[in-house]
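Participant: When we follow this note's numbering, the leftmost residue of the sequence shown carries the number 4, and every step to the right adds one.
Cβ atoms here follow ideal geometry from the backbone N, Cα and C, with glycine treated the same way.
Owing to the predicted nature of the structure, the values given are computational and were not obtained by experimental measurement.
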Amino acid sequence: MSGCMSYSAGAAPDSHFPKRQAELERGGRKVVLCQEYVDALKLHEKNHNAGSYVPQGALENIWPGGYYLESIDAKYRRKYGCLPKA
4 MSGCMSYSAG
14 AAPDSHFPKR
24 QAELERGGRK
34 VVLCQEYVDA
44 LKLHEKNHNA
54 GSYVPQGALE
64 NIWPGGYYLE
74 SIDAKYRRKY
84 GCLPKA
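1. Given Lys78, which residues of its chain have a CB within under 8 Å of its CB, disregarding the five upstream and five downstream residues?
2. According to DSSP, is Leu86 helix, strand or coil?
3. Shortest alpha-carbon distance to Asp76 belongs to which of Ala61, Leu62, Asn50?
4. Quick check on DSSP: helix, strand or coil for Tyr56?
5. Give me whichever residues DSSP pairs with Leu72 in a beta bridge.
So this is what it looks like as structure tokens:
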């Protein structure tokens, strides 16, 4: 007798998909030029595992109520901030 096991998440996450899709269609994503995206990835790669680091990104790209990285110290401790909800 052979058995089959599935590691999929099942139908539960699918029930949230229509809500998330509606949020994205209402402007939940920001369209950027390809070069801007590539530059952001290069900056991310450059600063990977960097100590004593303060991110240079713009906060207006973060959703209201979202968390963002404020800094990383020399001992790799992270400090986060939270934008106020609208």
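Facilitator: Reading off the structure:
1. Counting only Cβ-Cβ distances below 8 Å, and skipping sequence neighbours, we find Gly54.
2. Coil.
3. For Asp76, the nearest C-alpha among the options comes from Asn50.
4. Secondary structure at Tyr56: strand, using DSSP grouped into helix, strand and coil.
5. Beta-bridge partners assigned by DSSP to Leu72: Tyr83.
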